[in-house]
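**Q** Let me give you the structure first, and then I'll get to my questions.
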Amino acid sequence: MSATDQPSIAVFCPTFLKPEMLHVYRQVVGLRKVAPVVLTFKRENADRFPFEPVRVVRRSSLRWVRRIWNVQLKKIPPQAYPAEIRSIRDLMAVNRCRLLHIYFGNNGLFWLPLLRRCKVSALVSFHGADVQVNVGSPAAKQLFQEVFASCALVLARSESLASALFSLGCSPDKVRIHRAGIPLDIFRYFPRQRPAQGAWQLLQACRLVKKKGLELTLRAFAGFLQRYPKANLTIAGDGPLRGVLEKLAKDLQLGNRIQFTGFMDQCSLLSLYQRSHLFLHPSEQTPDGNREGIPNSLLEAMATGLPCIATRHGGIPEAVTHLDSGILVPESDLARTEDWLVRLSTDDPLRDSLG
126 MSATDQPSIA VFCPTFLKPE MLHVYRQVVG LRKVAPVVLT FKRENADRFP
176 FEPVRVVRRS SLRWVRRIWN VQLKKIPPQA YPAEIRSIRD LMAVNRCRLL
226 HIYFGNNGLF WLPLLRRCKV SALVSFHGAD VQVNVGSPAA KQLFQEVFAS
276 CALVLARSES LASALFSLGC SPDKVRIHRA GIPLDIFRYF PRQRPAQGAW
326 QLLQACRLVK KKGLELTLRA FAGFLQRYPK ANLTIAGDGP LRGVLEKLAK
376 DLQLGNRIQF TGFMDQCSLL SLYQRSHLFL HPSEQTPDGN REGIPNSLLE
426 AMATGLPCIA TRHGGIPEAV THLDSGILVP ESDLARTEDW LVRLSTDDPL
476 RDSLG
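Quick note on our numbering: the sequence shown kicks off at 126 and runs consecutively.
Here it is, written out as structure tokens:
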């Protein structure tokens, strides 16, 4: 079947595409039997994420009214205005889209007025915070049940997220596990040797937000540095906590042993995985209920053979088997994280087996 003969599907993502959304890009460009048409409110980073066709959905000029009425007064997530519904319907009609795939759960709620009357089959995919944050009100739960009823399928990134969807009232018959794949032709196994003179290279790659457990990473590294003063920690990524983390690094007197790189492209990040000896991702649940699906960077690091220390959190245990494919510790457990860092640095056979 030629590209022109393939059925068109609409893929909605509100911003196409933020730097941390590489997994969405991989899923879209990886489609082979259909021709995706991306629908978005805003296009960003087109040089980093080249793709066509991308069509912009017109936003309503009354968005501020919707936010006050829905979010502050009715205590429900904002929902689309008729003008926005007409815009996305017109784009789907012009491009002859036979299916609508909405990223993420909160956008499923936003487009509920469309889903109620949608003339094509629709599905919504859930990836983490979109099934757990700000969905506690009875009104929000009722709206989610309408979303589930209106969709042909509901996709969850992990079994743990699927369980959360069940608790919100989604029928198990509608849920499918939709893993985030890693391109193994790029993230290939890379052999590593014990570093000379204790110059261990530690790495965490992620968006700099609370649920990633970055403060624990810095504190664990501070302890590790007492044993290996030539060790280094790289934090690859960016986000709202960067200033807080840089101050913590200063308070912990990490000096030039820590580097904050900001977001890195795939090629640069791959090189960083290959230069590193240990990877940390001590995710934790935040007070508002935000949890991981399965972190992409953790999967990438594992694919290259980088020994990983992570937490029993969200979908991580679905990807990491303790003492087989990585190390799992309880959430927020600084002492055990430090202990495992030291053990992996001294137990060469164990460290090699995890890679």
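Glycine included, C-beta positions come from ideal geometry on N, C-alpha and C.
1. Let me know if residue 311 comes out buried or exposed under the rule of 16 or more other beta-carbons within 10 Å of its beta-carbon.
2. Is the stretch 379 to 399 touching the stretch 358 to 369, taking contact as three or more C-beta pairs under 8 Å?
3. Who are the Cβ neighbours of residue 217 in its own chain at under 6 Å, not counting the five residues just before and after it?
4. Can you pull the DSSP bridge partners for residue 135?
5. State the DSSP-derived secondary structure class of residue 433, mapped to helix, strand or coil.
6. Give the secondary structure of residue 266 by DSSP, where H, G and I count as helix, E and B as strand, and everything else as coil.
7. Looking at C-alpha atoms only, which residue of 343, 398, 352 and 409 is the closest neighbour of residue 379?
8. Tell me residue 406's beta-bridge partners as DSSP assigns them.
9. Would the stretch 130 to 147 and the stretch 158 to 166 be scored as touching if the rule is three or more Cβ pairs under 8 Å?
10. Let me check understanding here. Comparing Cα to Cα, which of 434, 399 and 392 lies closest to residue 408?
11. What does a CB cutoff of less than 6 Å around residue 410 pick up in its chain, not counting 5 residues either side in sequence?
12. Could you check whether residue 162 and residue 183 sit closer than 8 Å to each other, using their CB atoms as the reference points?
13. In or out: residue 308 buried (at least 16 other Cβ within 10 Å) or exposed?
14. Which residue wins for smallest C-alpha separation from residue 141, given the options 313, 345, 165 and 404?
15. Roughly how far, in whole angstroms, is the beta-carbon of residue 279 from the beta-carbon of residue 290, given that I think they are within contact range, below 8 Å?
16. So, does the stretch 296 to 304 touch the stretch 452 to 471, judging by three or more C-beta pairs under 8 Å?
17. Flag this pair as touching only if the stretch 240 to 253 and the stretch 212 to 231 have three or more C-beta atom pairs under 8 Å; answer yes or no.
18. So which of 292, 276 and 281 has the shortest CA-CA distance to residue 263?
19. In whole angstroms, what is the alpha-carbon distance linking residue 284 and residue 305?
20. On a Cα-Cα basis, can you pick out the residue from 347, 354, 352 and 363 that is closest to residue 335?
21. Report yes if the C-beta distance between residue 423 and residue 452 is below 8 Å; otherwise report no.
22. Since residue 245 and residue 211 should fall inside the 8 Å C-beta cutoff, what is the C-beta to C-beta distance between them, to a whole number of angstroms?
23. Quickly, what does DSSP pair residue 302 with across the bridge? List them, please.
24. Once DSSP output is grouped into helix, strand and coil, what is the label at residue 384?
25. Residue range of the beta strand (DSSP E) that residue 247 falls in?
26. With a cut-off of 8 Å on the beta carbons, I'd call residue 346 and residue 399 a contact; round off their distance for me.
27. Is residue 439 buried or exposed, if buried means 16 or more other CB atoms sit within 10 Å of its CB?
28. Quick check: the Cα distance between residue 366 and residue 428, rounded to an integer number of angstroms?
29. Please work out which residues of its chain come closer than 8 Å, Cβ to Cβ, to residue 256, disregarding the five sequence neighbours upstream and downstream, and give them in chain order.
30. Are residue 205 and residue 176 touching if we call contact CB-CB under 8 Å?
31. What residue from 138, 147 and 139 has the CA that sits closest to residue 331's CA?
32. If residue 479 and residue 412 are in contact, beta carbons under 8 Å, what's the gap, nearest whole angstrom?
**A** In brief:
1. Exposed, because fewer than 16 other Cβ atoms sit within 10 Å of the Cβ of residue 311.
2. yes
3. 135
4. 162 and 225, per the DSSP bridge assignment.
5. strand
6. helix
7. 343
8. Listed as beta-bridge partners of residue 406 by DSSP are 435.
9. yes
10. 434
11. Only 416 meet the Cβ criterion.
12. no
13. Residue 308 should be labelled exposed.
14. Answer by Cα proximity: 165.
15. 6 Å
16. Taking 8 Å as the limit for Cβ pairs, the verdict is that the stretch 452 to 471 does not touch the stretch 296 to 304.
17. yes
18. 292
19. 13 Å
20. 363
21. no
22. Incorrect: roughly 16 Å between the Cβ atoms, too far for contact.
23. 281
24. strand
25. Boundaries of the beta strand (DSSP E) harbouring residue 247: 246 to 251, taken from the DSSP string.
26. So it is not a contact: roughly 20 Å between Cβ atoms.
27. buried
28. 27 Å
29. If we look at residue 256 and ignore the five residues flanking it on each side, its Cβ neighbours are 230, 281, 286, 289, 290 and 293.
30. no
31. 147
32. About 32 Å; that fails the 8 Å criterion.
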